[in-house]
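Going by UniProt numbering, the sequence shown opens with residue 1, and the numbers climb by one from there.
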Amino acid sequence: MYLELDGRGPLYDQLTRALKASILDGRIVAGTQLPPTRELADELELSRTTVLAAYEQLRAEGYIDGRVGSGSYVSDLRAKPVLHHIQTQIPAPSRYAQRAREVRNWDIPRIHRDLRYNLQYGNPQLNPALNNAWGRELARAAAYTRLNVNEVAGLGALRKQTCDYLARRRGVHAEPDDVLIVGGTQQAIDLAARVLLNEGDRVVLEEPHYFSAHQALVAHGVDLVPVNTDDEGLICERLPAEPPRLIYVTPSHHFPTGAVMSLQRRLELLRYATEHDCWILEDDYDGEFRYDAHPLAALRALDESDRVIYVGTFSKVMFGGLRLAYMVLPTALRVDFLNAKYLGDIACPIIEQAALARFMEDGGFERHLRLARKELKVRRETLIAGLKEHARDRIEISDTPAGMHVVVWLRGYDRARCEALTAYAHERGLGLYPMSPLYIHPPAQQGLILGYCGLSVAELREAMQLFGQCLDHFDAA
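Spelled out as structure tokens, the structure:
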């Protein structure tokens, strides 16, 4: 029997599809006895178990009949399915869907996989001890949590623990009713766009910026206004005279440069938002990790006009698969955000919320942060020492003692040469990530954003030696 497997998915699925196609197009007619499972398995060089599974699936769907002591026979399918696609006019998707399709095809930073030295940024440090502790908390939560509880705003215990944590660590004083638990920072940005923005509304975005925020906002059809940053963060004097509806900022540790917004700039930004009747979305994606001093107070802590929507995340400080973050909402926006959250996914998973609430209550979260901060400081110092030793004066280091990545600027590189460097490093097993995709209007100077969470101290030393060799190769070219 001639059957062509398509190579997609498990073998029993491939065989099931191949037999269905042969039955539907008439190559195997009704009443035909199929080969015994052992015989077909030998002919196709498959296991008998695979053939048995395919026959069982076909029998369950009515394509074949099994006769005891006789074998399997093709059923008489009187209602013939359509065999060929009919060319019809496909309705156009929504404007949002069209824009989402476009932004997903942008030249965004490509994440490398399976490289020996991957300097990917944005991923938290892997911590086996955290994995074990989290497993215990999940098991406990699964056993003791009321599984029918599904609060739209988030589990009350987690919102309370979040408030306590923010008051201690970020200077943000909030009540549990102010907090909305969401499925990661990306959902928080999307919710803000759905609640606050209409197509054509103006939104200020830092330049450079977090590219996924850029994508989400463009998909909603807004008019983006990039405003440059410097060593003190967003340059407030360049904010547009025509007021935007929303300003998206990362003031505690600007992504990606690492600049910290000065107090004067923070006050200027808050005054601008109040005078121009606009909202501020504060993304505090890694404010927990500072290595030279205590964490800075958040912008929200200075907000007296209730204009700041504060976003923090547990995913960045624990592990990416957690997909839990939180928003501290202005009073005027609470109901609207709750409605949008409900219509989007009703609520976040309850067991994970319960496990995290207890992890925070018993001090495990704070212990993890202390250990992570200590380890990341060592890794950051190792990375910078390696850069100074092996890259020397060929780069300029943007040295900010915070976060989970370092930005370096390449001297004498244009964009084409920078792309060639990253491609060559990839071939050598080193994952480098250029800065240019993080700009709406890329600068002439080329840079790299180097994450140090995913590699050990020893691996970082080796990675920096390899980075120096890559630079040597281009110096000699």
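Note that beta-carbon positions come from the ideal geometry of N, C-alpha and C, so glycine has one too. These numbers were taken from a predicted model, which means no experiment stands behind them.
{"Query": "Within this structure, are the beta carbons of residue 482 and residue 226 separated by less than 8 Å?", "Result": "No information on residue 482 is available, as it lies outside the stretch 1 to 477 that the chain covers here."}
{"Query": "Are there any heavy atoms of the ligand HEM lying less than 7 Å away from the beta-carbon of residue 408, as far as the coordinates show?", "Result": "No copy of the ligand HEM occurs in the structure displayed, which carries no ligand at all."}
{"Query": "Of all the options 162, 182, 169, 138, which has the alpha carbon lying nearest to the alpha carbon of residue 152?", "Result": "182"}
{"Query": "If you scan the segment 156-232 from start to end, which runs of the alpha helix (DSSP H) of 4 or more residues do you find wholly inside it?", "Result": "156-169, 185-196, 211-219"}
{"Query": "Return the CA-CA distance between residue 482 and residue 92, expressed in angstroms with no decimal places.", "Result": "Here the chain has residues from 1 to 477 only, and residue 482 is not among them."}
{"Query": "Just reading off the alpha helix (DSSP H) that residue 386 is part of, what are its end residues?", "Result": "364-390"}
{"Query": "Consult DSSP for residue 146 and reduce its assignment to one of helix, strand or coil.", "Result": "coil"}
{"Query": "Output needed for residue 258: all residues of its chain with C-beta closer than 7 Å, excluding positions within five of it in sequence on either side, in chain order.", "Result": "398, 400, 402, 403, 407"}
{"Query": "At what residues does the beta strand (DSSP E) containing residue 325 begin and finish?", "Result": "325-328"}
{"Query": "Using the C-alpha atoms, what's the distance from residue 17 back to residue 83?", "Result": "Unreliable positioning characterises residue 83 in this predicted model, as indicated by a pLDDT of 48, which lies under 50. A coordinate reading is not provided."}
{"Query": "Going by the CB atoms, is the gap between residue 446 and residue 435 shorter than 8 Å?", "Result": "yes"}
{"Query": "Over the uninterrupted beta strand (DSSP E) stretch that includes residue 398, give me the two end residues.", "Result": "395-398"}
{"Query": "Have a look at residue 467 and residue 193 and give me their C-alpha separation to the nearest angstrom.", "Result": "40 Å"}
{"Query": "Residue 412 to residue 361, Cα distance in whole Å?", "Result": "52 Å"}
{"Query": "Do residue 266 and residue 251 have their CB atoms nearer than 8 Å?", "Result": "yes"}
{"Query": "Apart from the five residues on each side of it in sequence, which residues of its chain come closer than 7 Å, Cβ to Cβ, to residue 172?", "Result": "166, 298, 300, 301, 310, 328"}
{"Query": "Can you tell me whether DSSP reads residue 271 as helix, strand or coil?", "Result": "helix"}
{"Query": "Residues in its own chain within less than 6 Å of residue 23 by CB, not counting five upstream and five downstream?", "Result": "63, 74"}
{"Query": "Looking only at its chain, what residues have a beta carbon closer than 7 Å to the beta carbon of residue 336, apart from the 5 residues adjacent to it on each side?", "Result": "195"}
{"Query": "Enumerate in chain order the residues of its own chain whose CB-to-CB distance from residue 101 is below 8 Å, with the five nearest sequence positions on each side excluded.", "Result": "93"}
{"Query": "Tell me which same chain residues have a C-beta within less than 8 Å of the C-beta of residue 205, skipping the five on either side of it?", "Result": "213, 214, 217, 224, 225, 226, 227, 248, 440"}
{"Query": "Within the continuous alpha helix (DSSP H) that includes residue 22, where are the two ends?", "Result": "11-24"}
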